[in-house]
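2 protein chains.
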Amino acid sequence: MPKPTKILVATDLVVLTVRNERLHVLTVDRGVEPFRGHTALPGGLVLPNEDLLDTAERELAEETGLSGVRVHLEQLASYGHPDRDPRRVISIAYLALIPDAADPTAGSDAAGAEWAPVIELLDHQDRLAFDHHRILTDGVERARAKLEYSPLATAFCSDEFTIAELRQVYEAVWNAGIDPRNFHRKVSKTPGFVVETGGTTTRQGGRPAKLYRKGPAELLHPPMLRP
Amino acid sequence: MPKPTKILVATDLVVLTVRNERLHVLTVDRGVEPFRGHTALPGGLVLPNEDLLDTAERELAEETGLSGVRVHLEQLASYGHPDRDPRRVISIAYLALIPDAADPTAGSDAAGAEWAPVIELLDHQDRLAFDHHRILTDGVERARAKLEYSPLATAFCSDEFTIAELRQVYEAVWNAGIDPRNFHRKVSKTPGFVVETGGTTTRQGGRPAKLYRKGPAELLHPPMLRP
DNA sequence: CGAATAGTGTCTCTTAGACACTATGTC
DNA sequence: GACATAGTGTCTAAGAGACACTATTCG
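Respectively, the protein sequence lines represent chains E and L.
Quick note on numbering: our numbering labels position 204 of the first sequence as 784, and the sequence is numbered without any gaps.
Quick note on numbering: our numbering labels position 212 of the second sequence as 792, and the sequence is numbered without any gaps.
Laid out in C-alpha cells, this is it:
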C-alpha cells in the first residue's frame, strides 16, 4: 500500500433558488486566502468524524444562516485536480435547492453571502475562484436535467404552490418559455407529481388558481421535456 | 479555518463488461487488511500529485493488466461515511465500461482478479467488502440509465458490431428482453447512434448482418426506453 | 428445401406541441 | 363591461410497441 497522501477534503455547495423569475446561486466573498476577496461558492473542510452529507449541511447552515428551511441536498461530483487549490484540496460538491428565502446572513468564514444570477455567472468563466465555474456549470446542468424526470422543481416552491408558480420554476431553471396550457395539462396528468390541497389563491390576479403540494412520485412518467 | 483533517482519499472502480450475454463486474480478492481475503472492487489511494481520473486509470491498469483496451471511464460518486473503512478513507468511485476482453491478470495489490456476474452480486448485500455493494448498485444503475439517453452501449462492443450484438448489450445491462425488430428500427433511425462500415458478418448464422461503428451522437434523440 | 437470423411494413395507442376556447376572478 | 389568469378541448405529427411479413445466408 502506498504511503498515505496529504490531501485535504472539503465540500462545496451549489445552492440554487428562483428569485424574481430567474435562477440564482448563493455566493460568498472569501475572507481568507487563497482567493481572499474573490467570489466563490460556499464550502469548507470535512471534519474527521463527519459524513460528507453532514459537512454539506453544516456548511449550508454556517455560511448562510438558513435554518428550518426545507432543502433538497444531493451529491453532485468530486473535483480533485492537483492544481485546483494550492493547498491540495479535493472537493466533493453538493447541489442544494431551496425555496425563495430571506436574504442569507453572512456566515462565520465568509465576509458576505449573496444571491447571484446564474445566467450571468455562467457567461463569465473567471468570476468565481478555484474551479467553481465548472462546479456551478455541472450543478446547473444537473438541476436542469433532473427537472425532466423527477419532481425536483417542487424543491424550489413553497409548501403550497400553483401550477403557474411551478411553471415559472421550470422557465427560470431552463431559461426558456413554456406554453402555460400544455404545461398545466402535463403536470396534472402525470401521476403523483402534485396533489391538490383544496385551497385556491388569487395572488397572481385573474381567475383563482388551485393550490397543490408535492405528490408522492419520485420519478415522472412521462417526463417533462426541455424545449 | 478548521485544522486539517486526517483523511485518506482513494478511488474504487466499477468495471463492467458483457460476457456470455450477462453483465459482469471486475472483482479482486483483497491481499491486505482490512478485509483481507474478501472480495472487493479494485481501487487504491490517490497519489499526492495525481488527478482523480488518473488514479482510476492507473488502478485499472495495475489491477487488471488491461492495456491498450478502449475503455469508457467516468466518475460515479463519492463515499465518505466515517465508518466505511477503519482507516478513514473516502472513496471517489469511477465507472468503467469495456468490451468483452481477455481474462484480467491478477494485479500487484490484489491476490486475484475475476469477472463476477452482476445480478448475483446485487442479490447478496454481504459478498463485497466495505460499502462496495452500494457502490456497485450505484454503478449499475448509472449504466442502466445512461444506456437510455447516450450511445454508451457501444463502449461494451468491439469497434465493429452488429445491431444484434448491440441489442444483446442492452439486454444484458437491463436484464430484460427486447424485441429485435423494433430495436433494429429504433437504432437505425436514431441520428448519429451508429454508422454503417459497409461490411457484413455471418458470425451469428442466418442472413449476414451489416456491421456498424459508433456514430458521432453524444445524446440519443429520441432515447432508447427501458422496458 | 428448412432453419436461422436480418431487416421492413403496418397497425394502434400514447404523447408533444400548437392553439382555439371556456371559466372565474378583479377592476 | 374589459382584462387577466386558470384551465379544457381538439387537432396533428411523431414515437413506442405488437407483430406480420420479406430477405439472405447455411446446411
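Ideal Cβ positions, reconstructed from N, Cα and C, are used throughout, including at glycine.
What does the alpha-carbon distance come out to for the pair N762(L) and K769(L)? 11 Å
Which residues of chain E have a Cβ atom closer than 9 Å to the Cβ of L632(L), listed in chain order? S658, Y659, G660, H661 and I670
M581(E) (DSSP reduced to helix, strand or coil): Only weak support is given to the placement of M581(E): the predicted model assigns it a pLDDT of 48, under 50, and the question is left unresolved by the model.
For the pair the region 646-653 of chain E and the region 646-660 of chain L, tell me if three or more CB-CB distances fall below 8 Å. no
How far does the beta strand (DSSP E) with Q655(E) in it reach, from first residue to last? H652 to Y659
Amino acids of chain E, ordered along the chain, whose beta-carbon sits closer than 7 Å to that of K586(L): P628
A744(L) bridges to which residues according to DSSP? None; A744(L) has no bridge partner.
For the region 703-718 of chain L against the region 601-617 of chain L, are there 3 or more C-beta pairs whose distance is under 8 Å? yes
Rounded to the nearest angstrom, what separates A744(L) and A681(E) at their Cα positions? 53 Å
Across the region 752-760 of chain L and the region 799-807 of chain L, are there enough close Cβ pairs to call them in contact, namely three or more that are closer than 8 Å? yes
Backbone secondary structure at G617(E) - three-state DSSP: coil
Distance cutoff 8 Å, beta carbons only. Does V598(E) sit that close to anything in chain L? no
Establish whether the CB of Q655(E) and some CB of chain L are separated by less than 8 Å. yes
With burial defined as no fewer than 16 other Cβ atoms inside 10 Å of the residue's Cβ, what is the status of V775(E): buried or exposed? exposed
Determine the contact status of T597(E) and A636(E), defining contact as a CB-CB distance below 8 Å. no
Kindly list, in the order they appear in chain L, the residues whose Cβ is closer than 8 Å to that of V589(E). T585, I587, V589, G660 and I670
Less than 8 Å between CB atoms is the rule here; does M581(E) satisfy it with respect to chain L? Low confidence applies here, because M581(E) scores a pLDDT of 48, under 50, leaving its location unreliable; read the following figure in that light. Yes, its Cβ sits closer than 8 Å to a Cβ of chain L.
Can you say whether I672(E) is buried or exposed, counting buried as having 16 or more other CB atoms within 10 angstroms of its CB? buried
Taking buried to mean at least 16 other C-beta atoms within 10 Å of its own C-beta, is A725(E) buried or exposed? exposed
Just checking, does the region 789-805 of chain E make contact with the region 733-744 of chain E on the three C-beta pairs under 8 Å criterion? yes
Given a cut-off of 8 Å on the beta-carbon distance, is the pair R747(L) and P731(L) in contact? no
Local Cβ density within 10 Å of P549(L), reported as buried at 16 or more and exposed below that: No answer is possible for residue 549(L): it lies beyond the span of chain L, which begins at 581 and ends at 807.
Inter-residue spacing [alpha-carbon to alpha-carbon] between K586(L) and L606(L): 30 Å
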